[in-house]
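Contents: one structure, followed by commentary.
Shown next as structure tokens:
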């Protein structure tokens, strides 16, 4: 399997979208409820809400590390903004959901401190968002090796 990269870089923003034939509330649950996020990214624990910090376990990363996630904004079911810090820097991620008829679009934006990071970060988010799609559809989860390093050049060129 060689998935084609779908995202692009605008300025220092890495932008990806996924479309679901589902109501917005259903997609919102997939990206915010711990039992659902555990299926494609990681489970979290804590008291969620704007200005609060939850602990997220990255179950598909080596060693399944835990990280603190600060919820900057949460406007259910349309917008979620979170920040995280790890050994690679600070991550600011915005998820925006928009429903049109029976379809919901998820727009993912990560503000990169350095545009050159897109070559490593872009394929990772392609992988995770495809994991979300597969988990929602009950399909086999993709393999990270299908995304990286094969998609690196796409993101280094701006996508």
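In the numbering used here, the protein residues as written are 101 to 259.
All C-beta atoms in this analysis are idealised placements derived from N, C-alpha and C, irrespective of residue type, glycine included.
Integer-rounded CB distance, given that residue j should sit under 8 Å from residue i
{"i": "residue 169", "j": "residue 182", "result": "5 Å"}
{"i": "residue 157", "j": "residue 142", "result": "5 Å"}
{"i": "residue 258", "j": "residue 105", "result": "With 8 Å as the limit, residue 258 and residue 105 do not qualify as a contact, their Cβ atoms being about 11 Å apart."}
{"i": "residue 238", "j": "residue 213", "result": "So it is not a contact: roughly 37 Å between Cβ atoms."}
Exposure label - residue i; buried when at least 16 CB within 10 Å
{"i": "residue 218", "result": "buried"}
{"i": "residue 251", "result": "buried"}
{"i": "residue 137", "result": "buried"}
Proximity below 8 Å, CB of residue i to CB of residue j
{"i": "residue 209", "j": "residue 115", "result": "yes"}
{"i": "residue 242", "j": "residue 230", "result": "yes"}
{"i": "residue 226", "j": "residue 150", "result": "no"}
{"i": "residue 144", "j": "residue 235", "result": "no"}
task = Decide yes or no for the touch test of the segment 109-116 against the segment 220-230: beta carbon pairs closer than 8 Å, at least 3 of them.
result = When C-beta atoms of the segment 109-116 are compared with those of the segment 220-230, three or more pairs fall below 8 Å, so the two segments count as touching.
task = For the segment 187-206 and the segment 121-128, state whether three or more C-beta atom pairs, one from each stretch, are separated by less than 8 Å.
result = The segment 187-206 makes contact with the segment 121-128, as at least three CB pairs between them are under 8 Å.
task = Report the residue ranges of all alpha helix (DSSP H) runs contained in full by the segment 209-243; include only those spanning at least 4 residues, in chain order.
result = Complete alpha helix (DSSP H) runs here, min 4: 218-237.
query = Which full runs of the beta strand (DSSP E) of 3+ residues lie inside the segment 110-186, going along the chain?
reply = Runs found: 113-120, 153-157, 166-175 and 179-186.
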